[in-house]
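J.: Its first residue numbered 254, the sequence shown is counted upward by one per residue in our numbering. Glycine included, every Cβ here is placed at the ideal spot set by N, Cα and C. Keep in mind it's a predicted model, so treat the numbers as computed, not measured. One structure, pasted below without further comment.
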Amino acid sequence: MELQQLRMFKAIADLGSIAKAAEKLHCVPSNITTRIKQLEDELGEPLLIRKGRGVILSPSGSLFLEYANKILLLSLESKRAIARESAPAGRVSIGAIESSATSRLPKLLSKYHQRHPKVDIEFSTNTWKNLEEAVEKHELDSAIIAVKCVNPAIECVEIYREELVLIASSSFGPITSPTNLIGKIIYMWPTGCPYRKALESWLEQNSVSAQITSIASYGTILGCVSAGAGVSLVPKGIYEQFRQIGGVEGYVFN
254 MELQQLRMFK AIADLGSIAK AAEKLHCVPS NITTRIKQLE DELGEPLLIR KGRGVILSPS
314 GSLFLEYANK ILLLSLESKR AIARESAPAG RVSIGAIESS ATSRLPKLLS KYHQRHPKVD
374 IEFSTNTWKN LEEAVEKHEL DSAIIAVKCV NPAIECVEIY REELVLIASS SFGPITSPTN
434 LIGKIIYMWP TGCPYRKALE SWLEQNSVSA QITSIASYGT ILGCVSAGAG VSLVPKGIYE
494 QFRQIGGVEG YVFN
């Protein structure tokens with residue numbers, strides 16, 4: 254006796270037709286006829302009685318249907334129970350740089366929690382260097398950083414490429430050249446930030462001298478920029494999120 258035989262028998266009982274049962278189960282009627290005959294031989298009793306173009310259950314078939322339904326229901330419940338037990342559960346610690354935490358992760362974490370409600374997520378932000386060290390020391394299970402990790406003890410996978418944007422207040426005027434930043438205050442994350450390093454290299458290559466003020470908060474940086482106090486270089490995701498507030502314009506950085 255197999256579950257598929259029980260499914261076939263139940264389909265016939267529900268639809269009153271071997272042909273309709275075959276259509277529902279996506280198989281040929283002859284296959285169902287053969288499998289039901291095998292089931293009847295095993296039970297030693299006829300389960301179906303032909304009536305016109307359809308079939309009805311015999312007295313033994315009506316009795317057997319009750320048990321077939323119970324067996325199929327138990328089979329479904331057991332699958333669901335096993336699926337629940339095999340679903341991810343426990344605690345996972347994730348770290349990220351603030352730009353990813355602000356612009357990319359909220360929706361992803363929300364979707365993950367909906368799919369895996371048994372997983373408790375501990376989330377923190379830090380500099381990419383501190384995050385890398387925390388992963389190596391097993392203080393974090395994983396982390397999202399802004400540079401490729403060269404530590405052989407850590408597996409590194411690229412998940413996206415970050416586009417950078419020069420931002421300034423709407424009253425600043427367009428930034429079309431590095432020379433537009435001469436004598437201007439630039440707000441960036443402290444030394445060690447890869448975005449700051451990219452900006453410093455860009456300015457140096459173009460022989461531009463500018464004052465860089467360190468601020469470890471994108472919210473504060475955006476506040477200073479929108480107030481017209483200076484400019485900054487930020488990930489596009491950060492710019493897209495804050496430009497809705499108004500007062501800030503973005504320009505291509507290359």
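Return helix, strand or coil for M261, following the three-state DSSP convention.
T.: Three-state DSSP puts M261 in a helix.
J.: The beta strand (DSSP E) with F376 in it runs from where to where?
T.: Where F376 is concerned, the enclosing beta strand (DSSP E) stretches over V372 to T378.
J.: W442 and A463: beta carbons closer than 7 angstroms?
T.: Cβ distance not < 7 angstroms, so W442 and A463 don't count as in contact.
J.: Note down the Cα distance separating L419 from K437, rounded to an integer number of angstroms.
T.: Going from the Cα of L419 to the Cα of K437 covers about 13 angstroms.
J.: Give me the Cα-Cα distance between A541 and P341, rounded to the nearest whole angstrom.
T.: The requested residue 541 does not occur in the structure, where the chain is confined to residues 254 to 507.
J.: Give me the Cβ distance between I231 and L384, rounded to the nearest whole Å; I'm assuming they're in contact under 8 angstroms.
T.: Here the chain comprises residues numbered 254 to 507, so residue 231 is not present and cannot be evaluated.
J.: State yes or no: is the C-beta of I465 within less than 7 angstroms of the C-beta of S352?
T.: Contact flag unset, no.
J.: Which runs of the beta strand (DSSP E) fall wholly inside the stretch 297-370 and span at least 3 residues, in chain order?
T.: Listed in chain order, they are 301-304, 307-310 and 343-349.
J.: Cβ of T378 within 7 angstroms of Cβ of A406?
T.: Against a cut-off of 7 angstroms, the Cβ pair of A406 and T378 comes out as no contact.
J.: Which one of C409, V400, S422 and E457 has the shortest CA to CA distance from Y448?
T.: That would be V400, whose Cα lies nearest to the Cα of Y448.
J.: Do G481 and S430 have their C-beta atoms closer together than 7 angstroms?
T.: Cβ distance not < 7 angstroms, so G481 and S430 don't count as in contact.
J.: Taking the alpha carbon of R414 as the point to measure from, which residue in P427, G426 and I398 has its own alpha carbon closest?
T.: Answer by Cα proximity: I398.
J.: Measure the beta-carbon distance from A321 to L259 and round it to whole angstroms, keeping in mind my assumption that it falls under 8 angstroms.
T.: Sure, about 5 angstroms apart at Cβ, within 8 angstroms.
J.: Note down, one range per segment and in chain order, each beta strand (DSSP E) of at least 3 residues found wholly within the stretch 416-463.
T.: Fully enclosed beta strand (DSSP E) runs of 3 or longer: 417-422 and 438-441.
J.: Kindly indicate which three-state DSSP category S479 falls into: helix, strand or coil?
T.: It is helical.
J.: If we ignore side chains and look at the alpha-carbon of each, how far apart do C402 and G426 end up?
T.: Spanning the two alpha carbons is a distance of roughly 37 angstroms.
J.: Pop quiz: V308 and L301 are said to be a contact at Cβ under 8 angstroms. What is the actual Cβ separation, rounded to whole angstroms?
T.: Contact holds; Cβ gap of about 5 angstroms.
J.: Measuring straight from C-alpha to C-alpha, what distance separates E493 and Y365?
T.: Roughly 23 angstroms between the two C-alpha positions.
J.: Just verifying my parser: in three-state terms, what is the DSSP assignment at A275?
T.: In the structure shown, A275 sits in a helix (DSSP, three-state: H, G or I).
J.: Buried or exposed: I289, going by 16 or more other Cβ atoms within 10 Å of its Cβ?
T.: Buried, since its Cβ has 16 or more Cβ neighbours within 10 Å.
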